Amino acid sequence: MVKEINGMDKFNLVRCPVHSIQISANAGLKNDITKELINKLRKIVGYITRISSAQSELEKEQVKYGEPQNKLVQDCVTRWNSTCNMIESVIKHRYSINSVISKNKKTDEWFITSAEVQNLKDLVKVQTCVTDSNFIKTVKLSILQDLKIRRENLNDIDTQNYFVDQH
Numbered sequence: 001m002v003k004e005i006n007g008m009d010k011f012n013l014v015r016c017p018v019h020s021i022q023i024s025a026n027a028g029l030k031n032d033i034t035k036e037l038i039n040k041l042r043k044i045v046g047y048i049t050r051i052s053s054a055q056s057e058l059e060k061e062q063v064k065y066g067e068p069q070n071k072l073v074q075d076c077v078t079r080w081n082s083t084c085n086m087i088e089s090v091i092k093h094r095y096s097i098n099s100v101i102s103k104n105k106k107t108d109e110w111f112i113t114s115a116e117v118q119n120l121k122d123l124v125k126v127q128t129c130v131t132d133s134n135f136i137k138t139v140k141l142s143i144l145q146d147l148k149i150r151r152e153n154l155n156d157i158d159t160q161n162y163f164v165d166q167h
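When the sequence shown is numbered by this note's numbering, its final residue is 167 and no position is left out of the sequence of numbers.
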């Protein structure tokens, strides 16, 4: 079956538009600044969720700071919107997270700065298109460029199919 699929004419493939948009959105998250910030969050969330003492410390700090007592959300590349859920989780618990990091003597690179929090908030707002920071303009531009390439590829396919149908 794999051989048959690989042998199919690529112009007869039908792509899911929602999946294409998701792929383009992921392309927007791959610029250097965004990728670095998301990787930092993955390290922080991974550390806290894997180390039981860090998770216990987080729960104590959440009480201390009056934050809701929730576990941090880890993103998963196969789950749509999970990166956004992780970002929202980190924003909600940033004070507790920074406290746990300082108590466990993790590097200063792991601290979540105010500027990073603002970029994260802006990134979450991209979904509702209510922000125009330079950071988000870069992300939107990456997404739009990827969508443009996908549209051009579809137009090429449509043109070729038109000529095949006409002859």
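We treat Cβ as the ideally placed atom computed from N, Cα and C, and that holds for glycine.
None of the values given here were measured: they were computed from a predicted structure.
Are residue i and residue j closer than 8 Å when you measure CB to CB?
i, j, result
"N81", "V73", "no"
"E116", "S96", "no"
"V139", "N31", "yes"
"T78", "L29", "no"
"I149", "L120", "no"
"W110", "K64", "no"
"D75", "R50", "no"
"K103", "E36", "no"
"A27", "D122", "no"
Should residue i be counted as a contact of the ligand MG given a C-beta to heavy atom distance under 7 Å?
i, result
"D122", "You won't find the ligand MG in this model; it holds no ligand whatsoever."
Assuming residue i and residue j make a contact with CB atoms under 8 Å, what is their CB distance in whole Å?
i, j, result
"Q62", "Q55", "Incorrect: roughly 11 Å between the Cβ atoms, too far for contact."
"N98", "I112", "6 Å"
Along the chain, where does the alpha helix (DSSP H) containing residue i start, and where does it finish?
i, result
"C84", "82-92"
"L41", "32-50"
Reducing DSSP to helix, strand and coil, say where residue i ends up.
i, result
"V100", "helix"
"I149", "helix"
"V130", "In this prediction, V130 has a pLDDT of 48, which is less than 50 and means its spatial position is unreliable; nothing more can be read from the coordinates."
"D70", "Inspection of the sequence shows that residue 70 is occupied by Asn rather than by Asp. Coil."
"D171", "This structure leaves residue 171 out entirely; the chain is present only between 1 and 167."
"I23", "helix"
"I143", "helix"
"L154", "helix"
"T113", "coil"
"S77", "A small correction: the amino acid at residue 77 is Val; Ser does not occupy that position in the sequence shown. Here V77 sits in coil by DSSP."
"L29", "coil"
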